[in-house]
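Chains B and H, in that order, give the protein sequences. Every letter in the first sequence is one number past the one before it in UniProt numbering, and letter 137, counting from 1, is 137. Every letter in the second sequence is one number past the one before it in UniProt numbering, and letter 65, counting from 1, is 65.
There are 2 protein chains.
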Amino acid sequence: MDWRAALTLDGMGPLYEQVKRAIMRPIRDSVWKPGDRIPPEHDLLSHFAASRMTINRALRELAEEGYVTRHRRMGSFVAVPPAPTAILDIVDMATVIPQRGQDYRFDRMAREIVKADPELAAKLGVALGDAVCRVVGRHFADGEIVELEERWINLTAVPAAADLAFEDVSPNHWLVAHVPWTEAEHTISAINADSDLAAALRCPVGTACLLLERRTFLEDQVVTLARLIHPGSRHKLTERFTPRT
Amino acid sequence: MDWRAALTLDGMGPLYEQVKRAIMRPIRDSVWKPGDRIPPEHDLLSHFAASRMTINRALRELAEEGYVTRHRRMGSFVAVPPAPTAILDIVDMATVIPQRGQDYRFDRMAREIVKADPELAAKLGVALGDAVCRVVGRHFADGEIVELEERWINLTAVPAAADLAFEDVSPNHWLVAHVPWTEAEHTISAINADSDLAAALRCPVGTACLLLERRTFLEDQVVTLARLIHPGSRHKLTERFTPRT
DNA sequence: CGGCGTTAATTGTATATACAATACAGGGCG
DNA sequence: CGCCCTGTATTGTATATACAATTAACGCCG
């Protein structure tokens, strides 16, 4: 019954939006965790002194947005956060591979702090000579190389990364957990493996590889730059979407 | 007043969803074009014999989904579709290349009506032996080969395609202009050019190429299947997007 | 104890109604 | 003519109410 103290209206905007925010607050703050029960409409209705249609609209929209799930007779619950699987979404191998029941391992090959040369400075949007953390490593699934990751981190935007070794945890995995972002830019192309790449991927020279370059932004500032390379024939990436006609 | 004939309910599912589909039909079929006025709630209400809340919910959700725009006192209008620039969106070379100031040409290499073999039938979701139109052609920009298109069209879903030669206009261009769709599925991979592909693209054997396979759906029915192949080193595809949360 | 019908809690949809907010349209008036 | 004021069409939100659908829980009965 103590949920009543946590759910307060903020008096701004339409009532149904206030109710949405009131319910999102304990969800955002992890006071209510995935699977937890949300009070039924009838209780919220009396608590907020609103009509059921208003409460229903708030919960229905939260359900459409994926934050809660609802079932007749059973009630409403905090949703489990969706696993990101779409291609160009942030795919974190450390999360995806175990989900497929495979054994995951990250193998760091290099890590250094470099000063930005003109090309890197332009791509990262930093000043010439600014410190950038560069990490190279491989992602394994059941012992097979799934992805080669070459990563530059803007230490001006993410100073905490300077103290990390990235020996067992990939930059990708650490970044998605610790650094917020607002926008991402992707470039996909196909390249032939040169001798260095072939050695790193343990594939024949000349093999067609899928190269995904990603720049991640936080409010117009480039946070990080990644080159993710997949041995082409083996790994396909799919997504499905609906048009925004 | 002739809009009344075009707006019919289909009797399936909740009323507000039927109303949504009824309104989407003329929008999807371009009978109502961007900027066109949608009848006000009051008129729809009497036409469908529904309450205003139901009509309002249908239109409100269509607005949230980006298909219509609404303004108090002014009414509801068909939304102008956002310019399709994203990578995996429908990219029509015949549109994009002239926009870049380059000279565009389509060169048809083959066209045939085939009967679906088991693999094709499965991919297109048609019965074994159903008629399928297959077209192969190349897209040129300033005389250079930019894309090889191999296309299968489900003639059950798009019978009109049986009468077209696709000599100068690509299947892609014709389809985006004439055939509505609701969903698309993409698979991206990298392949090495074999001798046939190398000949078609006029590139060395073994060149890494970007292969984009696209299945386009209209209400769970596969309309068309495309294999779009780009010489990898030269052509990159980019998109930019914001996270969902 | 097990199967089966009943009840009840909860969400899903629909209607009728009301008032507020917005912004165009038209008229009165200087 | 230009300005303001009011009327009005249209969408936005809120309430009260009703019935349908789903399914867990209960209780009855063999």
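Note that beta-carbon positions come from the ideal geometry of N, C-alpha and C, so glycine has one too.
| Item | Value |
| --- | --- |
| For the stretch 138-171 of chain H, enumerate the residues whose C-beta is nearer than 8 Å to any C-beta of chain B, in chain order. | none |
| With a cut-off of 8 Å on the beta carbons, I'd call S189 of chain H and L15 of chain B a contact; round off their distance for me. | Between L15 of chain B and S189 of chain H the Cβ distance is about 50 Å, and since that is not below 8 Å, they are no contact. |
| Relative to chain H, which residues along the stretch 184-198 of chain B have a C-beta separation below 9 Å, given in chain order? | A184, E185, H186, T187, I188, S189, A190, I191, N192 and A193 |
| Classify F48 of chain H as helix, strand or coil using the three-state DSSP reduction. | helix |
| Is it true that the CB of V31 of chain H sits closer than 8 Å to the CB of residue 282 of chain H? | The structure shown has nothing for residue 282 of chain H, since chain H only spans 1 to 245. |
| Considering only the beta carbon of each residue, do L148 of chain B and I229 of chain B sit closer than 8 Å? | yes |
| Flag G206 of chain B as yes if its beta-carbon sits less than 8 Å from any beta-carbon of chain H, otherwise no. | yes |
| Tell me where the beta strand (DSSP E) around P231 of chain B begins and ends. | Q221 to P231 |
| Apply the 10 Å Cβ neighbour rule to L128 of chain H and answer buried if 16 or more other Cβ atoms are within range, or exposed otherwise. | exposed |
| Out of curiosity, what's the CA-to-CA distance linking D163 of chain B and V169 of chain B? | 13 Å |
| Sort out for me which residues DSSP pairs D107 of chain B with in a bridge. | B:R138 |
| Under 8 Å between C-beta atoms, does E17 of chain H make it to chain B? | no |
| Can you list the residues of chain B that C209 of chain H reaches, using a CB-CB cut of under 8 Å? | A190 and A208 |
| Excluding the 5 residues preceding and the 5 following W3 of chain H in the sequence, name in chain order all residues of the same chain whose CB lies nearer than 7 Å to its CB. | P39 |
| Once the 5 residues before and after D103 of chain B are set aside, which same chain residues still bring their CB inside 6 Å of it? | D142 |
| Cα-Cα, which of B:D194, B:A193, B:I113 and B:L44 is closest to K20 of chain B? | B:L44 |
| Just verifying my parser: in three-state terms, what is the DSSP assignment at A165 of chain B? | coil |
| Applying the criterion that 16 or more other CB atoms from any shown protein chain within 10 Å of the CB defines a buried residue, is A160 of chain B buried or exposed? | exposed |
| Cα separation between M109 of chain H and P34 of chain H? | 36 Å |
| Report the rounded CA-to-CA distance for E17 of chain B versus N56 of chain B, giving the unit in angstroms. | 11 Å |
| Which first and last residues belong to the alpha helix (DSSP H) in which A6 of chain H is found? | W3 to A6 |
| Please name the residue in H:A208, H:S51 and H:A131 whose C-alpha comes closest to that of P204 of chain B. | H:A208 |
| Excluding the 5 residues preceding and the 5 following D92 of chain H in the sequence, name in chain order all residues of the same chain whose CB lies nearer than 7 Å to its CB. | N172, H173 and V176 |
| Can you tell me whether G143 of chain H is helix, strand or coil according to DSSP? | coil |
| Return the first residue and the last residue of the alpha helix (DSSP H) that S195 of chain B is part of. | S195 to L201 |
| If you run the structure through DSSP and keep just helix, strand and coil, what is L128 of chain B? | coil |
| DSSP on P243 of chain H, reduced to helix/strand/coil? | Only weak support is given to the placement of P243 of chain H: the predicted model assigns it a pLDDT of 47, under 50, and the value that follows is read from those uncertain coordinates. In the structure shown, P243 of chain H sits in coil (DSSP, three-state: anything other than H, G, I, E or B). |
| I'd like the list of long-range same chain contacts for G11 of chain H, defined as Cβ closer than 8 Å, with 5 residues on each side in sequence excluded. | Q18 |
| So, under 8 Å CB-CB, E112 of chain B and R134 of chain B are touching, yes? Tell me the CB distance rounded to an integer number of Å. | 5 Å |
| Nearest chain B C-beta to T85 of chain H closer than 8 Å, yes or no? | Confidence at T85 of chain H is low in this model, with a pLDDT of 37, below 50, so the placement of that residue should be treated as unreliable; the coordinate-derived value is given next. By this cut-off, T85 of chain H is not an interface position. |
| If you measure between the beta carbons of R151 of chain B and A226 of chain B, is that distance less than 8 Å? | yes |
| For I32 of chain H, which three-state DSSP category applies? | The identity of residue 32 of chain H in the sequence shown is Trp, whereas the question assumes Ile. Reduced to three states, the DSSP call for W32 of chain H is coil. |
| For E119 of chain B, which three-state DSSP category applies? | helix |
| Along the chain, where does the alpha helix (DSSP H) containing T156 of chain H start, and where does it finish? | First-last for T156 of chain H: undefined, no H or E at that position. |
| State the Cα-Cα distance for the pair T156 of chain B and R28 of chain B, rounded to the nearest angstrom. | 28 Å |
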